[in-house]
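**Student:** Protein chains in written order, with our numbering: chain A, 376 to 779; chain B, -8 to 289; chain C, 20 to 371.
Each residue gets a CB set at the ideal place from its N, CA and C atoms; glycine is no exception.
Take this structure first; my questions come after.
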């Protein structure tokens, strides 16, 4: 027993000495893309996000600081415990330096905890909960694309101003749904509206929303807000049509709707929906060029905001590693905060102390069928919401201990 | 209507709407527990794969439409036939070996089968559900004044009642049904009379599976075709069968509809308990009448 | 084989296993080993009921997962909430407590699981065989929905960031190695408890009840009470496994009370060998290994487990350890003769 412990101690010492010399841990810069590849969120990120990360690695030259860049992907099936296992294994035994994408807020919160404890970077593009930069913020956690606060202020605020001043929520029963409902309620009340009630549906696994829609119908609210995403939102909106909610005079508010969702719904059902989005492929020439390259690798499907965000965030990370001359998490994050972000995804983007990447958001509306010139030509941009206005201001009272 | 509102404090639209949703859920409970009760009553096997076979029925309808252009109405017949044939193959190849063993092995085999079927479909089609539209003849809805009833959901209730009655008539009132019942009660004697008992057994299993697949086709337009649709439902159906009395066909049908409506009522008055009310009823029934409401004492 | 030589052989096997277990974390990923140990304990507790009492409980995940929640909550938050029915939603009665140290949290988790076992067992023991399995399944599902609704479990998010704490106030369990040895010690203690239960007069009575219940009753034994006690012990030990699981992974989710987990423990026992002592452990390690390697591929794990189930039920009913024991007894030639006899018999088929 004693000999074994001595041997183990010797190995640990040697490893310790070793890592002080090397600038890149494990001689490779490995990025793990963890997302939902088969469930309700498979289309907004999924395998496309892995493709986007690979594109970022290739466009950077395949190497950084002389070491190769490796991209790995895994399916977390929207379950925090499965994700925990995968991430623990990645960080402990496979030399993964960054966990990227991670949609589904309950999973993102678990991953944030693990990466905080193990001092690796959590580069989140897919999750929505604004708690990631508030009470659950982490010194190595970055929230890149969007969050529930931005969605609530954008969509919620606009609809209340247009006359929808009484709301009823159908909420996905997990961290994201609760956060979105909370933030939208705050936005509605701030603009003078009121919330008549809410009902929570199980996640994942609900495909029949009839009993929830009936409750929304009988509440008499002017706006029915769907605090869910992906396939859940698609099903909710379709079935709302079946039960005559819109015909009965109620407005539907999809609080988080992606390009892929509108593609599934079809313009006939989705027309007129007001959506807050982080990026749209048809926004300008630079975006269009990148989207075309991506679609070629992604079976013709145009990129969503999340996939573009993965590309942009991974590129920015690699730039920061190059500038910091190491892949140690805190040093790289410091460089990421220092360097501005100016690419097709975000102009004048900046990462704050609480991990929030602040950039301009878009308020878009779904086109009518006759206004669209082809597949994926779905949005018309109503206005650009500047970053400072779109996201929650950084104040210590919101709960992040990193904010002074 | 105003009186109902006054007494219960609930708007009538909410009450009738949820009751209707409950009745539709109850229709699925009834059809699935009918198939389960049939298989258990005749073969003494708990068919854990019942949920997965229901899911296969829905997928069969979806695939028939996608690849063969076969629409909803023919799919109502074709899909149960295909899945029923698949079920009969399973029975021949695997279940036959287990009759002389402890009944638990049948449960374990069908459980493993359910895992395989669900895993394969999840691997091929993802788990977020595929769209399937109701046929043009059944779209739209009626505004009944106190509530809005989509036509398709009304059709589901009618179809399920008809199918359950037809099955009950088949088993209890026809010659074939009599053979089936005799074959399971005293196989050697019936075999001695020249009736092909193993074929009767296989046919019974196939019939139970076809019922599940039919329910799947009915469910495809409302619940969206999704590999996990069966596993969400199967445990509730087990509870229904336990309450109704395992092996009693009429019992499981009536219990299915009743419990669906009970669930709907609970959603109106006590929504937090709506998922557990069926299991609470099961616990109570077990305390008072362990063989189930319509079951025979074992 | 004389009894004495059988005894020494078993002792040697145990010593080797313990040595392997102690050296394990230096060669394999400790988290994987801890997971396998927790599952092995869970499967052994389950096997106590299935192999020695003959009761197939299809809802055992309820005890495993509920203990995980209780332990997680007590270790992280402490305050206990007890529900009472109050229209129109459940009321919650609060008992304020500080976060508990790990040993108390585990004991509470196991105790909660044992209480739950008393309630479930009390209702289920009334039925036999298949009916018993169905009832346990449905009651476990009821617990699943309770866990979905209860505020302290946080539904789909689960209880995250469960602190491992300081064992007895001074041993820091955050170190992987220390935690591993703690789990190993717990496993050995519980394993000894199971052994004691089997090889005691109580265990003999259980065997008698399994062999011929009416005779045992006619001899004056209250069969139901014995079965219930075995059920409670099994539930409590499954609870210990769940509590350890929550502390190892620092997360307690709905997955732990889902019926898939109940099915997994049946699979482990079946694969390893029902009614054998080492079988469930072997099965648990194998199943944990499958999950580890196929973790990133979601659906493949299900398919693989299903195939193993079907394979075991049709062709491999005695499980790995069971086959090894039978092989030792009969030798290779004897096995082949027995197999041929079995194939000849399988042509007759009729329902019972």
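Applying the 10 Å Cβ sphere with the 16-neighbour rule, what's the burial state of residue 380 of chain A?
**Tutor:** The residue given as residue 380 of chain A occupies position 5 in the first chain. Reliability fails at residue 380 of chain A, whose pLDDT of 48 lies under 50, so the model's placement of it is uncertain and no value is given.
**Student:** Could you check the C-alpha separation between residue 198 of chain C and residue 91 of chain C for me, to the nearest Å?
**Tutor:** Position 179 of the third chain holds residue 198 of chain C. Position 72 of the third chain holds residue 91 of chain C. Using only the alpha carbons, I get a separation of about 16 Å.
**Student:** What three-state label does DSSP hand residue 600 of chain A in the structure shown?
**Tutor:** In the first chain, the residue the question calls residue 600 of chain A occupies position 225. The answer is strand: DSSP assigns residue 600 of chain A an E or B state.
**Student:** Any Cβ of chain A within less than 8 Å of the Cβ of residue 314 of chain C?
**Tutor:** As a position in the third chain, residue 314 of chain C is number 295, starting the count at 1. Chain A, which has a Cβ nearer than 8 Å to the Cβ of residue 314 of chain C, makes this yes.
**Student:** So that I know if they touch, is there some Cβ in chain A lying closer than 8 Å to that of residue 47 of chain B?
**Tutor:** Here residue 47 of chain B corresponds to residue number 56 of the second chain, with the count starting at 1. Chain A contact via Cβ: absent.
**Student:** Can you name the residues of chain C whose CB is closer than 8 Å to the CB of residue 100 of chain B?
**Tutor:** Residue 100 of chain B sits at position 109 when you count from the first residue of the second chain. Per Cβ cutoff of 8 Å: 328, 329, 332, 333.
**Student:** Listing by chain order, which chain A residues have their CB less than 7 Å from the CB of residue 9 of chain B?
**Tutor:** What you label residue 9 of chain B is simply residue 18 of the second chain in a count that begins at 1. 586, 589, listed in chain order.
**Student:** Which chain A residues sit within Cβ distance under 9 Å of residue 191 of chain C?
**Tutor:** The count along the third chain starts at 1 and reaches residue 191 of chain C at position 172. What residue 191 of chain C touches in chain A: nothing, since even the nearest Cβ is about 14 Å away.
**Student:** Could you please give me the residues that DSSP links to residue 656 of chain A through a beta bridge?
**Tutor:** Looking up residue 656 of chain A in the first chain gives position 281. The partner list for residue 656 of chain A (beta bridge, DSSP) is empty, contrary to what the question assumes.
**Student:** Take the Cβ of residue 433 of chain A as the centre, count every other Cβ of all protein chains shown within 10 Å, and call the residue buried at 16 or more, exposed below.
**Tutor:** Within the first chain, residue 433 of chain A is the residue found at index 58, counting from 1. Exposed, because fewer than 16 other Cβ atoms sit within 10 Å of the Cβ of residue 433 of chain A.
**Student:** From A/647, A/710, A/604, A/439, pick the residue whose C-alpha is nearest to that of residue 523 of chain A; which is it?
**Tutor:** Here residue 523 of chain A refers to the residue found at position 148 of the first chain. When only C-alpha atoms are compared, the closest one is A/604.
**Student:** What three-state label does DSSP hand residue 10 of chain B in the structure shown?
**Tutor:** On the second chain, residue 10 of chain B is found 19 positions in, with the first residue counted as 1. Helix at residue 10 of chain B.
**Student:** To the nearest angstrom, report how far apart residue 420 of chain A and residue 450 of chain A are at their CA atoms.
**Tutor:** Your numbering for residue 420 of chain A matches position 45 in the first chain. Your numbering for residue 450 of chain A matches position 75 in the first chain. Near 11 Å, if we compare the C-alpha coordinates of residue 450 of chain A and residue 420 of chain A.
**Student:** Where does the unbroken alpha helix (DSSP H) through residue 205 of chain C begin, and where does it stop?
**Tutor:** Mapped onto the third chain, residue 205 of chain C falls at position 186. Counting along the chain, the alpha helix (DSSP H) containing residue 205 of chain C begins and ends at 195 to 217.
**Student:** Beta-carbon separation of residue 221 of chain B and residue 13 of chain B under 8 Å?
**Tutor:** The count along the second chain starts at 1 and reaches residue 221 of chain B at position 230. The count along the second chain starts at 1 and reaches residue 13 of chain B at position 22. Not in contact: residue 221 of chain B and residue 13 of chain B (Cβ atoms no closer than 8 Å).
**Student:** Looking only at its chain, what residues have a beta carbon closer than 8 Å to the beta carbon of residue 97 of chain C, apart from the 5 residues adjacent to it on each side?
**Tutor:** Within the third chain, numbered from 1, the residue matching residue 97 of chain C stands at position 78. Answer for residue 97 of chain C: 115, 116, 117, 118, 119, listed in chain order.
**Student:** Going along the chain, which residues of its own chain have a beta-carbon closer than 7 Å to the beta-carbon of residue 52 of chain C, five neighbours each way excluded?
**Tutor:** Here residue 52 of chain C is taken as the residue at index 33 of the third chain, counted from 1. Counting only Cβ-Cβ distances below 7 Å, and skipping sequence neighbours, we find 43, 44, 199.
**Student:** If you follow the alpha helix (DSSP H) that residue 464 of chain A is part of, which residue opens it and which one closes it?
**Tutor:** Within the first chain, residue 464 of chain A is the residue found at index 89, counting from 1. Its alpha helix (DSSP H) spans residues 455 to 468.
**Student:** Taking the continuous alpha helix (DSSP H) assigned at residue 613 of chain A, which residues delimit it?
**Tutor:** Taking the first chain and counting its residues from 1, the one referred to as residue 613 of chain A is at position 238. Per DSSP, residue 613 of chain A belongs to the alpha helix (DSSP H) from 605 to 617.
**Student:** Would you list, in chain order, the members of the segment 200 to 234 of chain B that have their beta-carbon closer than 8 Å to a beta-carbon of chain A?
**Tutor:** Of all residues in the segment 200 to 234 of chain B, 213, 214, 215, 217, 219, 220, 223 have a Cβ within less than 8 Å of some Cβ in chain A.
**Student:** Helix or strand or just coil, what does DSSP make of residue 472 of chain A?
**Tutor:** What you label residue 472 of chain A is simply residue 97 of the first chain in a count that begins at 1. Residue 472 of chain A falls in the strand class under three-state DSSP.
**Student:** Would DSSP call residue 273 of chain B helix, strand or coil?
**Tutor:** Counting from 1 along the second chain, the entry for residue 273 of chain B is found at position 282. Correct three-state label for residue 273 of chain B: helix.
**Student:** The ligand NAP and residue 19 of chain B: does any heavy atom of the ligand fall closer than 7 Å to the residue's C-beta?
**Tutor:** Judged by which ligands are present, the structure shown has none, so any question about the ligand NAP falls away.
**Student:** Closer than 8 Å by beta-carbon distance: list the chain B residues that pair up with residue 610 of chain A, in chain order.
**Tutor:** Numbered from 1 along the first chain, position 235 holds the residue referred to as residue 610 of chain A. Under the 8 Å cutoff, chain B gives 120, 215.
**Student:** Compare the C-alpha of residue 405 of chain A against each of A/417, A/715, A/456, A/468 and name the closest.
**Tutor:** Residue mapping note: residue 405 of chain A aligns to position 30 of the first chain, counting from 1. When each option's Cα is compared against that of residue 405 of chain A, the closest is A/468.
**Student:** Are three or more beta carbon pairs between the segment 118 to 138 of chain C and the segment 217 to 232 of chain B nearer than 8 Å?
**Tutor:** At 8 Å Cβ cutoff, the stretches do not touch.
**Student:** Take residue 588 of chain A as the anchor and find which of A/543, A/686, A/753, A/425 has the nearest alpha-carbon.
**Tutor:** Locating residue 588 of chain A in the first chain gives position 213, counting from the first residue. Of A/543, A/686, A/753, A/425, the residue nearest in Cα terms is A/543.
**Student:** Tell me, please, whether the CB atom of residue 582 of chain A is closer than 8 Å to any CB atom in chain B?
**Tutor:** Along the first chain, one-based indexing puts residue 582 of chain A at 207. It does: the Cβ of residue 582 of chain A has a partner Cβ on chain B nearer than 8 Å.
**Student:** Pull up the distance between the alpha-carbon of residue 682 of chain A and that of residue 597 of chain A, whole angstroms please.
**Tutor:** Within the first chain, the letter at position 307 stands for residue 682 of chain A. Within the first chain, the letter at position 222 stands for residue 597 of chain A. Whole-angstrom Cα-Cα distance: 34 Å.
**Student:** Put residue 226 of chain C into one of helix, strand or coil per three-state DSSP.
**Tutor:** On the third chain, residue 226 of chain C is found 207 positions in, with the first residue counted as 1. The answer is helix: DSSP assigns residue 226 of chain C an H, G or I state.
**Student:** Taking the continuous alpha helix (DSSP H) assigned at residue 583 of chain A, which residues delimit it?
**Tutor:** Here the question's residue 583 of chain A lines up with position 208 in the first chain. No alpha helix (DSSP H) holds residue 583 of chain A; DSSP gives it neither H nor E.
**Student:** Figure out for me which residue from C/156, C/62, C/94, C/137 has the closest Cα to the Cα of residue 37 of chain B.
**Tutor:** As a working note, residue 37 of chain B is residue 46 in the second chain. For residue 37 of chain B, the nearest C-alpha among the options comes from C/156.
**Student:** Decide yes or no for the touch test of the segment 54 to 72 of chain B against the segment 284 to 302 of chain C: beta carbon pairs closer than 8 Å, at least 3 of them.
**Tutor:** No, the segment 54 to 72 of chain B does not touch the segment 284 to 302 of chain C.
**Student:** Keeping to the same chain, check which residues put their C-beta closer than 8 Å to that of residue 354 of chain C; ignore five residues upstream and five downstream.
**Tutor:** As a working mapping, residue 354 of chain C is identified with position 335 in the third chain. Excluding positions up to five away in sequence, the list reads 345, 346.
**Student:** Counting only C-beta atoms, is residue 463 of chain A closer than 8 Å to chain C at any point?
**Tutor:** For the purposes of this step, residue 463 of chain A is taken as residue 88 along the first chain, with counting starting at 1. So yes, residue 463 of chain A belongs to the interface.
**Student:** Does the distance from the CB of residue 736 of chain A to the CB of residue 653 of chain A come in under 8 Å?
**Tutor:** Position 361 of the first chain, counting from 1, holds the residue named residue 736 of chain A. Position 278 of the first chain, counting from 1, holds the residue named residue 653 of chain A. For residue 736 of chain A and residue 653 of chain A, yes; Cβs fall inside 8 Å.
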